[in-house]
Structures are given as structure tokens and as C-alpha cells.
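Residue numbers for the sequence shown follow the working numbering, so the first one is 40 and each next one is one higher. Yeah, the Cβ is synthetic: ideal placement off N, Cα and C, and Gly gets one too. Everything numeric in this text was worked out from a predicted model, so none of it was measured.
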Amino acid sequence: ASTETMESHFAIASGQLLELAPQTYVNCAPNPQHCGGTGGCEGSIPELAFNFTAAHGIALEVDLPYRGRDHACNKYVPAVTCGGYSKLPANDATALETALATVGPLAVNVAAMPWEIYGGGIFDGGCGAGKSCDLDHVVQAVGYAKDYWIVRNSWGTGWGEDGYIRLTRANDGVTYEDKRPADGVACEPFPQVQHVGGESGVLFDMSYPTGVKKA
């Protein structure tokens, strides 16, 4: 989702839609504090990807094809860069609305395990009722309506609604316990619990790259 969000903001800025290379982040973006995992295919967070892009740029997919596993970080030709990132206040639905309406798509971290059986409609009930709401997957928030958020997933167009899911907004004011913060967005030293807002925790960690342009 970090890569897709870079693509979206480059398209907004330039009018050109490029296919960028997530393998850039898998191979090269450092994660010394093990934020959301240990790095590479073992996890990271969008904010680290955006910072890496600001410092080093991201390659085109055609130049650095996705391998699905970690490889050595070899020299590559950067296609797109950015100035950094902006992070929204945690658990703030109004901030997400405003950013989607005025800036563009955002990378968001969610508790996606219950999404596996989603086939369409407005999703409700991924967290709550005594269940831990463990953030474990980064997706892209792309829009909203009065009753739902529109989210782009990375599981292919055969899943959900052509690859998208609608998350209920009935839970915008509700927070849930995430008892495994290390799986989502937390960095060392890991907290024991964090309180994540919105359906599937969608409102807790929301960010987007700034100053996106050609490298």
C-alpha cells in the first residue's frame, strides 16, 4: 500500500500513472526499530517507506520487479521521490475525511484477518465483542461516504468488491484494544497494548507522502 500511495500522489501531482516497485522497499528500506515487523517481507510501516523515498527515491516496477522475498539492496535508478510524509492524528475520522477530500489516498493500517471472508457490502464487526483488534496489514484509504470508508486492498480484484472493501462508519467513535502492537505499527520498545479507532482499526495509523515528484 505504501507503493500504491506513492503512485497515487505522483499521478495527482503529474497526471501520469506509473507502476512503481515495492521491491525497492523490501530490499532497501531499513527498519532498525522493527516497526511493524523486522523489515523486508517480515514487515515495516508506510512512514519508513516514505522517509526512504525522500532520501533515495523508488524505482519503476519494470526496472526492479517484485520477487515476493528479500534480496540484497543493489543500486537502482530512482523514478520518483518525495519530500517526506504527513501523519494524521490517531483515531480522528474528521482528519481522514478532510485528507481524502483535499489531498488524496492514504496508507492506513488495519486488522485484516476477518476480511478473508468478505465478499461485498458494508463490512462491520471485525473488532469488538471481546476480540482483540490486532493491526496486521497496510491498505489504502481512497474515499468515503456518509456510512462507509472505501478501502483498496492488495489481494487482487477477485476479492471483495473488485479488490476494494467498504468499512462501516458506525464505529468511527469507537476504540478497540490491539494486544499485539508489534504486528502493526509499533516500534521498539513495544507497548503491551494500543487503542485503535474505527472499523478494523482503520483510523489509528494514517499517513501519505508529501512533495511527490520525478526523481
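Skipping 5 residues on each side, what residues in its chain have a beta carbon closer than 7 Å to that of Leu57? As a working mapping, residue 57 is identified with position 18 in the sequence shown. Around Leu57: Glu46, Phe49, Leu99, Ala118 and Val119.
The region 99-113 contacting the region 124-140, beta-carbon criterion three pairs below 8 Å: no
Pop quiz: Tyr247 and Leu145 are said to be a contact at Cβ under 8 Å. What is the actual Cβ separation, rounded to whole angstroms? On the sequence shown, residue 247 is found 208 positions in, with the first residue counted as 1. On the sequence shown, residue 145 is found 106 positions in, with the first residue counted as 1. Sure, about 5 Å apart at Cβ, within 8 Å.
Starting from Thr92, trace the alpha helix (DSSP H) in both directions and tell me its first and last residue. As a first step, residue 92 is located in the sequence shown; it is residue number 53 there, counting from the start. From DSSP, the alpha helix (DSSP H) with Thr92 extends over Pro85 to His95.
Do you know offhand how far Cys80's Cα is from Asn90's? On the sequence shown, position 41 is the one that residue 80 refers to. On the sequence shown, position 51 is the one that residue 90 refers to. Note on Cys80: pLDDT 43, under 50, position unreliable in the model; the coordinate value appears next. In a straight line, the C-alpha of Cys80 is about 18 Å away from that of Asn90.
Using DSSP bridges, identify the partner residues of Arg205. Stepping through the sequence shown from its first residue, residue 205 is reached at position 166. Answer is Ile161 and Ile189.
Kindly identify the DSSP beta-bridge partner or partners of Tyr124. Walking along the sequence shown from the start, residue 124 turns up at place 85. Answer is Pro248.
Assign Asp211 to one of three DSSP states: helix, strand, or coil. For the purposes of this step, residue 211 is identified with residue 172 of the sequence shown, where counting begins at 1. Coil.
Simplified DSSP state of His37, which is helix, strand or coil: Lying before the first or after the last residue shown, residue 37 is absent from the chain, which here runs from 40 to 254.
Which residue's Cα is closest to the Cα of Val68: Gly212, Phe229, Met245 and Ser41? Residue 68 sits at position 29 when you count from the first residue of the sequence shown. Before going further, note that residue 68 is Ala rather than Val in the sequence given. Nearest of Gly212, Phe229, Met245 and Ser41 to Ala68, Cα basis: Ser41.
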